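Residue 498 in our numbering sits at position 187 of the sequence shown, and the numbers go up by one each step. Quick reminder that beta carbons are idealized off the backbone N, C-alpha and C, glycines included. Treat the numbers as computed from the prediction; the structure is a model and nothing was measured.
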Amino acid sequence: EGVRNFFSEMLHLDELDELSKDPELFVHMRDELGEAAREETLMGVEALVLVDDGDYRDLFTTRRTFIDRSLAAIYDVPAPNRDGFGEIELDPSGPRRGLLGQVSFLALNAHAVSTSATRRGIFVREVVLCQVIPDPPADANTAIPEVSEDAATMRERIAVHLEDPYCAGCHNLTDPIGLGFENFDGIGRFRTAENGANIDPSG
């Protein structure tokens, strides 16, 4: 119980209770997805700490995870059990591994209708690297430009963050990291294109 509570607080997993996504955009969204995502992460932590006596770094590199049917649909793998959770080993040639490949991180640090390179980058900077990213100025315009012919991908839409000196100081710390996760949509499903344009996941 102590291990679960520690990692729930550290990884902000309690916020998954309020996970909200547009079901028209994310057809795999289910009411129970937040709860399932939290349990996946905590079962993995329990196995790493209490069974394997593992190294903290394994949390970020393991291919082993624990999923139910709702998560199996997002990960595009067969569900290990008809009901409840089961252990699986993810394909080593696949794009997903460790905590930062899980729905708990990818969905929580995204918007209701899109991904968020900034939120994902802030999580890595603050939670994983123990750094501090200041809040945006009160008068900062945090709106993301709408999808257009010239800006189909999130990388193109937030480019202004990295160019405007008013924004770039912080966004240069967060967005390049977050853009490395752009192959995962707002609930963590893998994709190679966004709005018909190929995704560049370099960071």
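Under DSSP, A504 forms a beta bridge with N509. For G397, the enclosing beta strand (DSSP E) begins and ends at 397-400. Comparing alpha carbon positions, the residue from L361, M340, F317, H323 closest to E437 is H323. The segment 343-420 is shown to contain whole beta strand (DSSP E) runs of 3 or more residues at 375-378, 397-400, in chain order. Of the candidates G491, Q442, R375, P447, R375 places its Cα closest to the Cα of P403. Buried is the label assigned to L353, since at least 16 other Cβ atoms lie within 10 Å of its Cβ. DSSP places T485 inside the alpha helix (DSSP H), whose first and last residues are 476-490.
For A462, the three-state secondary structure derived from DSSP is strand. In the DSSP assignment, N316 falls within the alpha helix (DSSP H) that extends over 313-321. Nearest Cα to T453 within the set P512, H422, V388: H422.
Annotation for F434: the continuous alpha helix (DSSP H) segment containing it runs 428-434. Taking C-beta atoms as the reference points, R430 and N420 count as a pair closer than 9 Å.
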